[in-house]
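See structure below.
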Amino acid sequence: MKQGTSSKRCVRAAVLVASNTPLEIRDFPLSGPEEGEVLVRVSCCTICGSDIHAFTGRRKSDFLPAIVGHEIAGVVDELGPSPPTYWSGEPIVVGDRVTFSMTASCGTCLYCARAGLPQKCVNLFKYGHTACATDRALTGGLSEYVLLVSGTSIFKIPDMISDEVAATSMCAGATLANAFEGTQDKASVVLVGMGMLGLWAIRTAIKNGFSRILCLDVNKDRLGFSRESGATDVIDVSNLEAMEVADRVSSYLGGVGADLVIEMSGTAQGVRSAFLSARTGGQLSLVGSVIPAGRIEVDPYEVVRRSLVIKGAHNYRPDHLASALRLGEDKAHHESLRRGVSKPVPLTLVDRAFQDAIEHRSHRIMVTP
Ligand SMILES: [Zn+2]
Ligand SMILES: [Zn+2]
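When the sequence shown is numbered by this note's numbering, its final residue is 361 and no position is left out of the sequence of numbers.
Quick look at the structure:
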């Protein structure tokens, strides 16, 4: 077993220095892996919506300059002293294909030990969200290597899952597994915002046995793609007020709202439509509002009288990532998800990759070192 033998090497990575400026390709000295760490050679990194928010300046990004990217698949290159095991308890072996939880947590604070929210750990570490000013810079996916710190939940990628689908499971897939949690009835689901999260949502809904899957977006191409990916109904909401959206949903579902509504657009209009589209006693899972996007007016009376359950789903627990990977092992689900990812764009053309992502040229743009 190759363990703790890293000689000094140089690693090439793309650095987001500031919003709205081209990324810089820089070389970093490789130090580590240290105690409890794992060095992973990156196979691919897919660009998530929150990376785009950082790039375009829509999101507060006080961690810059940083190697961004937190949807990563790679190969175990080297183990530090006292290496961790996989989340499953199996030993990690050099040469294994892996993905990992996008956050590392302490395991002992209130959120880790009692609240069931390790993704809100008071000592949280988040891949692709850490300044690269230090000598421990390799924490993002737009790089040749990434160092997995102690406290990271690491998963071996099953043979039948491609690198690109495994990468998207690390944020989109696992977050959707979280968003679906808590639903009792599984007849109808409304999905608002049909990017890569939406694609994972369709496949998760199918896996969970939902018979009606209504997909809402303002983009006709994305609605067409949703239908091809398993949506039972699609609604173009580009010229509809929130109440009209809810009426349309209700007419599709025989006069009631949906058992579950998942909001992934992060727009005020999308959230308002989602809020109105859940049935009495239904669940509204809010996923897309990761940056401030305007207030919506809600009379608490509407929540109480409709016995509505509202859940905010930001990031996920390690078992959600395990669940997403299990879904990806199914051939039909895998093929559908793979269609959402672009052909590889080399790291040296990372700015083009971001431009493609902004222009929605694919649900996810894949970058390879
Ligand atoms: Zn993400
Ligand atoms: Zn903690």
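Where is the CB? At the ideal position from N, CA and C, for every residue including glycine.
Task: Test item: CB-CB of Phe92 and Leu130 under 9 Å - done: Mapped onto the sequence shown, residue 92 falls at position 100. Mapped onto the sequence shown, residue 130 falls at position 138. No. Outside cutoff.
Open item on the list: Closest to Ser299 by C-alpha separation, out of Ala316, Leu276 and Asp311, would be which residue?
Closed with: Taking the sequence shown and counting its residues from 1, one reaches residue 299 at position 307. In this structure, Leu276 is the residue among Ala316, Leu276 and Asp311 with its C-alpha nearest to the C-alpha of Ser299.
Open item on the list: Are there any heavy atoms of ligand 1 lying less than 8 Å away from the beta-carbon of Met256, as far as the coordinates show?
Closed with: The count along the sequence shown starts at 1 and reaches residue 256 at position 264. In this structure, Met256 has its beta carbon at no less than 8 Å from each heavy atom of ligand 1.
- [ ] Can you tell me which of the three DSSP states Leu206 falls into?
- [x] Translated into the one-based positions of the sequence shown, residue 206 becomes position 214. Looking at Leu206 - three-state DSSP - the assignment turns out to be strand.
Task: Option nearest Ser107 by Cα separation, candidates Ser11, Tyr308 and Val3 - done: As a working mapping, residue 107 is identified with position 115 in the sequence shown. The question names Ser, but residue 107 is Ala in the sequence shown. The residue from Ser11, Tyr308 and Val3 with its alpha-carbon nearest to that of Ala107 is Tyr308.
Open item on the list: Given the structure, does Ser312 come close to ligand 1, in the sense that its CB is under 8 Å from one of the ligand's heavy atoms?
Closed with: Locating residue 312 in the sequence shown gives position 320, where the first residue counts as 1. As written in the sequence, residue 312 is His, which differs from the Ser given in the question. No; taking the cut-off as 8 Å, the Cβ of His312 has no heavy atom of ligand 1 nearer than that.
Open item on the list: Using C-beta distances below 6 Å, list every residue in its chain close to His355, excluding the 5 sequence neighbours before and after it, in chain order.
Closed with: Here residue 355 refers to the residue found at position 363 of the sequence shown. Sequence-distant partners of His355 (beyond 5 residues in either direction) whose C-beta falls short of 6 Å from its own C-beta, in its chain, are Gly187, Met188, Leu191 and Gly332.
Task: CB of Ser265 within 9 Å of CB of Val229, strictly - done: For the purposes of this step, residue 265 is identified with residue 273 of the sequence shown, where counting begins at 1. For the purposes of this step, residue 229 is identified with residue 237 of the sequence shown, where counting begins at 1. Yes, these two residues count as a Cβ contact at 9 Å.
Task: Under 9 Å between C-beta atoms of Ala58 and His121 - done: Within the sequence shown, residue 58 is the residue found at index 66, counting from 1. Within the sequence shown, residue 121 is the residue found at index 129, counting from 1. Taking a C-beta distance under 9 Å as the contact criterion, Ala58 and His121 qualify as a contact pair.
TODO: Kindly identify the DSSP beta-bridge partner or partners of Ala6.
DONE: As a first step, residue 6 must be located in the sequence shown, where it is residue number 14. Paired residues: Ile17.
TODO: Look up Gln176 in the DSSP assignment and give the residues it is bridged to.
DONE: Counted from its first residue, the sequence shown places residue 176 at position 184. Answer by DSSP bridge pairing: none, since Gln176 is not bridged.
Task: Cross-strand partners of Gly304 (DSSP beta bridge) - done: Within the sequence shown, residue 304 is the residue found at index 312, counting from 1. The partner list for Gly304 (beta bridge, DSSP) reads Leu278.
Task: Residues bridged to Tyr137 [DSSP beta-bridge criterion] - done: Start at 1 with the first residue of the sequence shown, and residue 137 comes out as number 145. Answer is Arg33.
Task: Ordered list of beta strand (DSSP E) runs contained in the stretch 100 to 162, each at least 3 residues - done: Fully enclosed beta strand (DSSP E) runs of 3 or longer: 137 to 140 and 144 to 148.
Task: Of the residues Ile288, Ser35, Ser281 and Leu252, the one placed nearest Phe202, counting alpha carbons only - done: Position 210 of the sequence shown holds residue 202. The residue with the shortest Cα to Cα distance from Phe202 is Leu252.
Open item on the list: Which runs of the beta strand (DSSP E) at least 3 residues long sit entirely within the stretch 221 to 296? Give them in chain order.
Closed with: Segments of the beta strand (DSSP E) lying fully in the stretch 221 to 296: 225 to 228, 250 to 255 and 270 to 278.
- [ ] Classify Gly(-4) as helix, strand or coil using the three-state DSSP reduction.
- [x] The residue you call residue -4 lines up with position 4 of the sequence shown. Note that Gly(-4) has pLDDT 48, beneath the 50 cutoff, so the model's placement of it is unreliable and the number below is only indicative. Here DSSP, grouped into helix, strand and coil, assigns Gly(-4) to coil.
TODO: Ignore the nearest five residues each way along the sequence and tell me which others in Lys323's own chain have a CB closer than 8 Å to its CB.
DONE: The residue labelled residue 323 in the question sits at position 331 within the sequence shown. Excluding positions up to five away in sequence, the list reads Met152.
- [ ] Could you tell me if Tyr137 is buried or exposed, where buried requires 16 or more neighbouring beta carbons within 10 angstroms of its beta carbon?
- [x] Numbered from its first residue, the sequence shown carries residue 137 at position 145. So Tyr137 counts as buried.
Open item on the list: Check whether the stretch 33 to 40 and the stretch 50 to 69 are in contact - that is, three or more C-beta pairs closer than 8 Å.
Closed with: A contact exists between the stretch 33 to 40 and the stretch 50 to 69.
Task: Supposed close pair Ala250, Val342 - CB separation, criterion 8 Å - done: One-based indexing of the sequence shown puts residue 250 at position 258. One-based indexing of the sequence shown puts residue 342 at position 350. The Cβ separation is near 39 Å, so there is no contact.
Open item on the list: If you reduce the DSSP assignment to three classes, tell me which class Gly66 lands in.
Closed with: By one-based count along the sequence shown, residue 66 stands at place 74. Three-state result, Gly66: strand.
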